[in-house]
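Presented below is the structure to which this report refers.
Protein chains: 2
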Amino acid sequence: MAEPTDISTTGRTGAGALAHRVYTTVREQIIRGQYPDGARLGEERISAELEVSRIPVREALVRLETDGFVISAPRRSAVVRTWDARSLDELFDVRAVLEPGAARYAARAVARGGSTVALERALTASRDSVRSGDAYLIAERSAAFHEAIVTTTGSDLLMAQMRAISGRIQWLFFRTSTLDVETAFEDHSELAAAIASGDERVAEALTFAHIELDRAPTFAALGLRPNLAAEPSED
Amino acid sequence: MAEPTDISTTGRTGAGALAHRVYTTVREQIIRGQYPDGARLGEERISAELEVSRIPVREALVRLETDGFVISAPRRSAVVRTWDARSLDELFDVRAVLEPGAARYAARAVARGGSTVALERALTASRDSVRSGDAYLIAERSAAFHEAIVTTTGSDLLMAQMRAISGRIQWLFFRTSTLDVETAFEDHSELAAAIASGDERVAEALTFAHIELDRAPTFAALGLRPNLAAEPSED
DNA sequence: CCTAGCCGTTCTGTATACAGTTCTGGGGTG
DNA sequence: CACCCCAGAACTGTATACAGAACGGCTAGG
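This is the structure in structure tokens:
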């Protein structure tokens, strides 16, 4: 069963299908690291590769920019985004704000009779991916689980906010797939249970901890150092 | 002193200027309520009115959709968004998650030596707008103040998250300009002081209270009832 | 050998054109 | 009188075309 691709155009052939296909293709290639960091993504080249005109490519590039995969300046080619410690810290900061709050609302929604099927399905899919050992799939499903938490809140707007960073999260998970995926899955399992229990504070706290405890290992795996402006650096 | 319009294209003539102009124009018209709710925004009609081709109009409509001003389905004209109690509640939910967190990071940034000039400037501009009595200006400056809190964090990503809902906030402020703007300004003043003091918890708590205490009056001013799913409705 | 300025190439920004789909109004029928 | 069907109109999705700006290499000068 094809899950709705949320974005304006579903996967079916027809309206917006081309832009969507371009978006999906380039997005996966970037996540997989097929393009070197900072690679230029000329509209014409992409349109030639995927055999569409430049119009759908333009629309895809706009979405890729809002998703943080490329950076584009006026009159200049879009380039694959390069990540530094600061951007990564910002991502964790936003996650630390958004996801715990979402978990809180999710628990509240469950306590009020909301469904947890999305959460359970995402957890199951995540478990299967771990067993498969496919790093890309694991990253995709893991990011999808975090999205499912927000889905459980039932808020479209919160979901939109989450989607805005979900791509970055998936990218991150793929790049840090050397980390212990088993433990990560157990964390997710606990998290889902907490939300399903309906306890807002536990769900919120656990989500916050899950994210913050992942910050240091992620930086380590990427060979970066957290930009803790707290300690005055002696540069 | 033209403040940088943040988005890819600055206000200056040149690249992206047309799309930006279309975006700004239509956006203001929607906020001011020039279009009836649900009005259809045909690409061709807009392009004719503003004397540009459909291409910049398309790009503007995409941005207007992400900002929540219009809703568009494939092969159908974009329509001005109609707001209901649920969407409004979702907006307040997201604000209650995002803005307190932002205030916390803002206070932290200040405590670590970050600048508060953006905050102070926004506060001053807000005060001036209140004195002017121009409802649109008040709404604009008030929304800008909330953005300034996020600016103070120094996080581009957090700022992007805030911008995604900033338009909705401005729309809301304009529609509820019957509320006591003096009190709102005093709230903002307190908020700025709390952030400037560098106390994370106070800044966070005050922001949360400011938002939540505004929820009920906003609904009342719009003639809606909060969608408190807590109480089982007898429909 | 290195640096600065100029020119060609490449690419984006925008306009125009066409095909397919959706909406709307009128006419016909139960 | 109400409902359904159909044809024309309107609109979006996509392709192609052209103008102007940015980038890269080449040449000239120190």
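As given, the protein sequences belong to chains A and B, one line each in that order. Last residue of the first sequence: 621 in the working numbering, with the numbers rising by one and none dropped. Last residue of the second sequence: 621 in the working numbering, with the numbers rising by one and none dropped. Glycine included, C-beta positions come from ideal geometry on N, C-alpha and C.
According to DSSP, is Arg426(A) helix, strand or coil? One-based indexing of the first sequence puts residue 426(A) at position 40. Three-state DSSP puts Arg426(A) in a strand.
Any chain A beta carbon closer than 8 Å to Tyr367(B): This structure leaves residue 367(B) out entirely; chain B is present only between 387 and 621.
Kindly indicate if chain B contains any beta-carbon less than 8 Å away from that of Gln547(A). Indexing the first sequence from 1 puts residue 547(A) at position 161. Output row for Gln547(A): interface = yes.
Decide if Leu477(B) is buried, meaning its Cβ has at least 16 other Cβ atoms within 10 Å, or exposed. If you number the second sequence from 1, residue 477(B) lands on position 91. Buried.
Nearest-angstrom Cα separation, counted from Pro460(A) out to Trp557(A): Position 171 of the first sequence, counting from 1, holds the residue named residue 557(A). Position 74 of the first sequence, counting from 1, holds the residue named residue 460(A). Whole-angstrom Cα-Cα distance: 25 Å.
Can you tell me which of the three DSSP states Val438(B) falls into? The count along the second sequence starts at 1 and reaches residue 438(B) at position 52. Residue state, collapsed to three classes: coil.
Determine the chain B residues that contact Glu506(A) at a beta-carbon separation under 9 Å, and present them in chain order. Here residue 506(A) refers to the residue found at position 120 of the first sequence. The premise fails here: Glu506(A) is roughly 21 Å from chain B at the closest Cβ pair, so nothing lies under 9 Å.
For Ala459(B), name the three-state secondary structure that DSSP assigns. As a working mapping, residue 459(B) is identified with position 73 in the second sequence. Note: Ala459(B) maps to coil in three-state DSSP.
For the putative contact between Gly424(B) and Val465(B), defined by C-beta atoms under 8 Å, what is the C-beta separation to the nearest angstrom? Within the second sequence, numbered from 1, the residue matching residue 424(B) stands at position 38. Within the second sequence, numbered from 1, the residue matching residue 465(B) stands at position 79. Right, the Cβ-Cβ distance comes to about 6 Å (below 8 Å), so this counts as a contact.
Closest to Arg549(A) by C-alpha separation, out of Phe531(A), Thr562(A), Ser563(A), would be which residue? Here residue 549(A) refers to the residue found at position 163 when the first sequence is read from its first residue. Minimum Cα distance to Arg549(A) is reached at Phe531(A).
Quick one: does Leu558(A) have its CB under 8 Å from some CB of chain B? On the first sequence, residue 558(A) is found 172 positions in, with the first residue counted as 1. Output row for Leu558(A): interface = no.
In the DSSP output, what is Ala464(B) paired with across the bridge? Taking the first residue of the second sequence as position 1, residue 464(B) is located at position 78. Note: Ala464(B) sits in a beta bridge opposite Leu427(B).
Contact defined as beta carbons within less than 8 Å: I believe Ala589(B) pairs with Ala493(B). What is the distance between those atoms, to the nearest angstrom? Position 203 of the second sequence, counting from 1, holds the residue named residue 589(B). Position 107 of the second sequence, counting from 1, holds the residue named residue 493(B). At roughly 4 Å, the Cβ-Cβ gap stays under 8 Å, so Ala589(B) and Ala493(B) are in contact.
Would the beta-carbon of Val483(A) fall within 8 Å of that of Val483(B)? On the first sequence, residue 483(A) is found 97 positions in, with the first residue counted as 1. On the second sequence, residue 483(B) is found 97 positions in, with the first residue counted as 1. Yes; because the gap between Cβ atoms is below 8 Å, this pair is in contact.
By the 10 Å Cβ neighbour count, where 16 or more other Cβ atoms means buried, how is Gln420(A) classified, buried or exposed? Taking the first sequence and counting its residues from 1, the one referred to as residue 420(A) is at position 34. By the 10 Å Cβ count, Gln420(A) comes out exposed.
Between Glu429(A) and Glu435(A), what straight-line distance do the alpha-carbon atoms span, to the nearest angstrom? The count along the first sequence starts at 1 and reaches residue 429(A) at position 43. The count along the first sequence starts at 1 and reaches residue 435(A) at position 49. If you take the alpha carbons of Glu429(A) and Glu435(A), they lie about 10 Å apart.
Coil, strand or helix - Trp469(A) by DSSP: For the purposes of this step, residue 469(A) is identified with residue 83 of the first sequence, where counting begins at 1. In the structure shown, Trp469(A) sits in coil (DSSP, three-state: anything other than H, G, I, E or B).
Three-pair Cβ contact test at 8 Å for the segment 435–453 of chain A versus the segment 402–422 of chain A: yes
Three-state secondary structure (DSSP) of Tyr421(A): Here residue 421(A) is taken as the residue at index 35 of the first sequence, counted from 1. In the structure shown, Tyr421(A) sits in coil (DSSP, three-state: anything other than H, G, I, E or B).
Roughly how many whole angstroms lie between the Cα atoms of Ala495(A) and Thr604(B)? As a first step, residue 495(A) must be located in the first sequence, where it is residue number 109. As a first step, residue 604(B) must be located in the second sequence, where it is residue number 218. Whole-angstrom Cα-Cα distance: 23 Å.
Report the neighbours of Leu544(B) on chain A: residues whose CB is nearer than 9 Å to its CB, in chain order. Residue mapping note: residue 544(B) aligns to position 158 of the second sequence, counting from 1. In chain order: Glu476, Asp479, Val480, Val483.
Measure the C-alpha to C-alpha separation of Arg611(B) and Ala471(B) and round it to an integer number of angstroms. Mapped onto the second sequence, residue 611(B) falls at position 225. Mapped onto the second sequence, residue 471(B) falls at position 85. Between Arg611(B) and Ala471(B), the C-alpha separation is close to 6 Å.
With 8 Å set as the bound, which would you pick, yes or no: does the beta-carbon of Ala529(B) sit closer than that to a beta-carbon of chain A? As a working mapping, residue 529(B) is identified with position 143 in the second sequence. Taking Cβ atoms only, chain A never reaches closer than 8 Å to Ala529(B), which makes this a no.
For Glu389(A) and chain B, any beta-carbon pair shorter than 8 Å? Translated into the one-based positions of the first sequence, residue 389(A) becomes position 3. Only weak support is given to the placement of Glu389(A): the predicted model assigns it a pLDDT of 30, under 50, and the value that follows is read from those uncertain coordinates. Glu389(A) does not count as touching chain B.
Are the CB atoms of Val516(B) and Val438(B) within a distance shorter than 8 Å? Residue numbering aside, residue 438(B) sits at position 52 when the second sequence is read from its first letter. Residue numbering aside, residue 516(B) sits at position 130 when the second sequence is read from its first letter. Contact: no.
Of all the CB atoms in chain B, is at least one closer than 8 Å to the CB of Pro612(A)? Walking along the first sequence from the start, residue 612(A) turns up at place 226. With 8 Å as the cut-off, Pro612(A) does not count as an interface residue toward chain B.
Where Gly487(A) sits in the DSSP three-state scheme: If you number the first sequence from 1, residue 487(A) lands on position 101. Looking at Gly487(A) - three-state DSSP - the assignment turns out to be helix.
Give the secondary structure of Leu608(B) by DSSP, where H, G and I count as helix, E and B as strand, and everything else as coil. One-based indexing of the second sequence puts residue 608(B) at position 222. If DSSP states are grouped into helix, strand and coil, Leu608(B) belongs with coil.
Among Ile416(A), Tyr409(A), Phe455(A), which has the Cα closest to the Cα of Ser433(A)? Locating residue 433(A) in the first sequence gives position 47, counting from the first residue. The option with the nearest alpha carbon to Ser433(A) is Tyr409(A).
Would Ser439(A) count as contacting chain B if we go by Cβ distances under 8 Å? Counting from one through the first sequence, the residue named residue 439(A) turns up at place 53. It does not; no Cβ of chain B falls within 8 Å.
For the putative contact between Arg418(B) and Tyr522(B), defined by C-beta atoms under 8 Å, what is the C-beta separation to the nearest angstrom? Numbered from 1 along the second sequence, position 32 holds the residue referred to as residue 418(B). Numbered from 1 along the second sequence, position 136 holds the residue referred to as residue 522(B). Between Tyr522(B) and Arg418(B) the Cβ distance is about 6 Å, and since that is below 8 Å, they are a contact.
Cβ of Val448(A) less than 8 Å from any chain B Cβ? On the first sequence, residue 448(A) is found 62 positions in, with the first residue counted as 1. Taking Cβ atoms only, chain B reaches closer than 8 Å to Val448(A), which makes this a yes.
Starting from Arg498(B), trace the alpha helix (DSSP H) both ways and give me its first and last residue. Translated into the one-based positions of the second sequence, residue 498(B) becomes position 112. Neither: Arg498(B) is in no alpha helix (DSSP H) and is coded neither H nor E.
Note down, in chain order, every chain B residue with its Cβ under 8 Å from the Cβ of Gly584(A). Position 198 of the first sequence, counted from the start, is the residue given in the question as residue 584(A). Those within 8 Å of Gly584(A) in chain B number zero; the least Cβ separation is about 12 Å.
Can you say whether Gly609(B) is buried or exposed, counting buried as having 16 or more other CB atoms within 10 angstroms of its CB? In the second sequence, residue 609(B) corresponds to position 223, counting from 1. It is exposed - the Cβ of Gly609(B) has fewer than 16 other Cβ atoms within 10 Å.
Cα-Cα separation, Ile457(B) to Arg481(A): Against the second sequence, residue 457(B) aligns to sequence position 71. Against the first sequence, residue 481(A) aligns to sequence position 95. Cα to Cα, Ile457(B) sits roughly 27 Å from Arg481(A).
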